[in-house]
Amino acid sequence: MLTRDLAALYLVIAAASAACVKRGCETDADCANGYACLPVEQASGTEQVCVETSCRVDEDCGGVGVCAMYSHFNGCFTEAVLMCTDPAGECAADTDCADGEQCLPVDGDTDYASLSVDVPLTCATLGKSCASGRPLVVGEEVRAASLAARGDWATPSEVALPDAAARSRLASWWATVAAMEHASVASFARASLELMALGAPPDLLRDTHLAAMDEVEHARLAYGLVERFSGAPAGPGPLSLEGVAPATDVGGIARALIREGCVGETVGAALALAQSRACEDPALAAILSRIADDEARHAELAWRTLRWLVAERGIDAGWADELVQAEVLALKEALDDGSDGLGGWGLLSGTQAAHVTETIHRLLDDSIPT
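Listed below in structure tokens is the structure:
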């Protein structure tokens, strides 16, 4: 995996984005092997989605346990699995757990784990995260500036205008995107300091600074869309830098690089490409396509940096590959509130966005040469 080149990365992104434009599912035939089309309660109501499953009825469990659905709201959408209960688990229901915990089939670090079939039930408190791309993370907090009424950040847009309700929702969504893109400038600035501390070669430092400049332009485009859809000046307020400091240990640097760069930027590029393909407005599609291209280059930079850490700074390739797989599964993020999205305006539904990360995981795990 760590020898992946730019062409292979684009294959991952293109395949994942092409797969995501189908809405939810109607029958099991719409889902991949090992998944079933089942109703799952989302923030906006019950939605038919592809659910990973190892059983359909109690008889499938061979007389050991029962076939049950387990679900968790991860901050963006509700993920679910259908599986046979395992008597060896530490719990059988939420009532067996402490306050704030759920009885869930969790395999791995519970801060970021996703639900998995055929694992013992565990009392867990799962984290919630919707950040995409390369956010500014301080501890476990995603840091971003608030929205401010200012006119010096927005790039004017000629994107068409939908009805008032859609404009309001799009303005809110793009305000979140703009804040994340703006904060990514700081994330790359911190990354450049970490690379210098490790004695990185000049091409990595140069491209890291160029990526930060891309993020400035992404933020300006996004704030321009906020202004277009809201009709009001938009830009970032002050960004709190309390606690923001470069890491000094190579393991911590590698872990953040994998989560925020290799995984976050790859998923962000795939989502932007999928959004551009779903978008019916040419001007908006062009903006999303540009963002997708830039994020793909940023992802390639992250993979290149990780290869250097493996070759020159002693990071174990097997550990890195395992963390990549875990982070992709953990992300499964959506760029809206779990509703049906806004179709021709490039706003994917929660199911579509989740399918992007599922497809990326499958391709990284099985299809791309290592």
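Counting in numbering that gives the first Met the number 0, the sequence shown runs from 0 upward without gaps. Cβ atoms here follow ideal geometry from the backbone N, Cα and C, with glycine treated the same way.
So for residue i, helix, strand or coil by DSSP?
{"i": "Arg205", "result": "helix"}
{"i": "Arg133", "result": "coil"}
{"i": "Cys261", "result": "helix"}
{"i": "Val141", "result": "strand"}
{"i": "Leu160", "result": "coil"}
{"i": "Glu299", "result": "helix"}
{"i": "Gly236", "result": "coil"}
{"i": "Val56", "result": "coil"}
{"i": "Pro281", "result": "helix"}
{"i": "Val116", "result": "coil"}
{"i": "Glu357", "result": "helix"}
{"i": "Glu326", "result": "helix"}
{"i": "Val243", "result": "coil"}
{"i": "Ala178", "result": "helix"}
{"i": "Ala199", "result": "coil"}
{"i": "Leu270", "result": "helix"}
{"i": "Leu363", "result": "helix"}
{"i": "Leu192", "result": "helix"}
{"i": "Thr124", "result": "coil"}
{"i": "Leu308", "result": "helix"}
{"i": "Glu25", "result": "coil"}
{"i": "Leu169", "result": "helix"}
{"i": "Ala231", "result": "coil"}
{"i": "Ala147", "result": "strand"}
{"i": "Leu287", "result": "helix"}
{"i": "Ala153", "result": "coil"}
Does residue i pass the burial test, meaning 16 or more other C-beta atoms within 10 Å, or should it be called exposed?
{"i": "Ala163", "result": "exposed"}
{"i": "Glu299", "result": "buried"}
{"i": "Met212", "result": "exposed"}
{"i": "Glu294", "result": "buried"}
{"i": "Thr304", "result": "buried"}
{"i": "Ala178", "result": "buried"}
{"i": "Val56", "result": "exposed"}
{"i": "Ile359", "result": "buried"}
{"i": "Ala253", "result": "buried"}
{"i": "Leu256", "result": "buried"}
{"i": "Ala199", "result": "buried"}
{"i": "Leu362", "result": "buried"}
{"i": "Pro104", "result": "buried"}
{"i": "Glu140", "result": "exposed"}
{"i": "Glu46", "result": "buried"}
One question on the structure: do residue i and residue j come within less than 7 Å of each other, judged by their Cβ atoms?
{"i": "Arg133", "j": "Ser70", "result": "no"}
{"i": "Ala182", "j": "Arg142", "result": "yes"}
{"i": "Thr124", "j": "Gly99", "result": "yes"}
{"i": "Gly251", "j": "Ala301", "result": "no"}
{"i": "Ala144", "j": "Gly236", "result": "yes"}
{"i": "Cys66", "j": "Cys83", "result": "yes"}
{"i": "Leu209", "j": "Leu194", "result": "no"}
{"i": "Ala316", "j": "Val327", "result": "no"}
{"i": "Glu214", "j": "Glu180", "result": "yes"}
{"i": "Leu283", "j": "Val158", "result": "yes"}
Quick one: residues in its chain with C-beta nearer than 6 Å to the C-beta of residue i, no 5 flanking neighbours on either side, listed in chain order?
{"i": "Gly234", "result": "Ala147, Arg149, Trp152 and Tyr222"}
{"i": "Cys30", "result": "Cys24, Cys36 and Cys49"}
{"i": "Leu135", "result": "Arg142, Ala182, Ala185 and Ser186"}
{"i": "Ser156", "result": "Gly223, Leu224 and Arg227"}
{"i": "Thr207", "result": "Phe187, Ala190 and Ser191"}
CB-CB under 7 Å to residue i, same chain, minus the five flanking residues each way: which ones, in chain order?
{"i": "Leu192", "result": "Pro245"}
{"i": "Glu51", "result": "Gly33, Tyr34, Val80 and Val116"}
{"i": "Ala271", "result": "Leu287, Ile290, Ala291 and Glu294"}
{"i": "Thr26", "result": "Cys36"}
{"i": "Gln101", "result": "His71, Asp93 and Ala123"}
{"i": "Thr247", "result": "Ala196"}
{"i": "Asp85", "result": "Gly64, Pro119 and Leu120"}
{"i": "Ala188", "result": "Ala211"}
{"i": "Gly88", "result": "Pro119, Leu120 and Thr121"}
{"i": "Ile314", "result": "Val249, Ala253 and Leu308"}
{"i": "Arg312", "result": "Leu197 and Val249"}
By Cβ distance, which residues of its chain are closer than 8 Å to residue i, with the 5 residues on each side in sequence left out?
{"i": "Gly138", "result": "Gly242"}
{"i": "Leu160", "result": "Arg166, Arg227 and Phe228"}
{"i": "Trp344", "result": "Pro161, Ala165, Leu169, Cys278, Glu279, Asp280 and Leu283"}
Task: Every unbroken beta strand (DSSP E) within the stretch 60 to 106, with a cutoff of 3 residues, ordered by chain - done: Qualifying beta strand (DSSP E) stretches, in chain order: 66 to 72, 77 to 83 and 101 to 104.
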